[in-house]
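Protein chains in written order, with our numbering: chain B, 9 to 117; chain F, 113 to 224.
See structure below.
Here it is in structure tokens:
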């Protein structure tokens, strides 16, 4: 059974303080690993897809990386508007995403 | 290109009533998925439909829940005889193929 574990559950940073969020996964055959951002009361917003170990993708202050066992979402010099819950999900080939519990990120000004 | 649309955004039902949740996928997307997010829990897959066919309903409760993909009009997630445990946020997602899924804003169902 595919599994995704995210850590930490919650992270509080000061504006400008860089950090990383972790997503550990177990999947029989990875077709893709996805990062989403979810604001309170809204649906998940697509950020990145990673397909194979060693792949990296960047968007503004976010950078996602992938190994055979985990993915990291690095956030550089975050701003208060980056506060959200970040979700990691895997597709093991069945077209159904298996999500982690998310990391609730708060950036204080 | 409009995103995935869901309505209503909030729905209140009494125990025993029926709930009908509607989803319009993004233009050009023929793959539709439903997920449920229970309070304090992560998103869980319910059902995957493609062009009016149910491909995978392994995450759907066996009773009271059904998904419809009519030729015209929005997709429907139907919950019959709702119970308090059905209270959750229900999200619809769509994709153009075997690619990333784009989510709608969700319908928050409250059963009283």
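Here a beta-carbon is modelled for each residue, glycine too, at the ideal position from N, C-alpha and C.
Here the structure is a predicted model, which means the values were calculated and not measured.
- Judged by DSSP in its simplified three-state form, residue 40 (chain B) adopts strand.
- With a contact defined as Cβ atoms closer than 8 Å, residue 38 (chain B) and residue 96 (chain B) miss out at about 12 Å.
- The shortest CA-to-CA distance from residue 13 (chain B) to any of B:101, B:117, B:94, B:116 is the one to B:94.
- For residue 219 (chain F), the uninterrupted beta strand (DSSP E) segment begins and ends at 219 to 223.
- Looking at the DSSP output, residue 160 (chain F) sits in a beta bridge with F:145, F:168.
- Residue 77 (chain B) is outside the set of residues whose beta carbon lies under 8 Å from a beta carbon in chain F.
- Contact between residue 204 (chain F) and residue 149 (chain F) is absent: CB atoms are separated by about 12 Å, not below the 8 Å threshold.
- At a cut-off of 8 Å, the C-beta of residue 217 (chain F) has a neighbouring C-beta in chain B.
- A direct Cα-to-Cα measurement between residue 187 (chain F) and residue 159 (chain F) gives close to 12 Å.
- Check the Cα spacing between residue 155 (chain F) and each of F:224, F:184, F:218: the tightest is with F:218.
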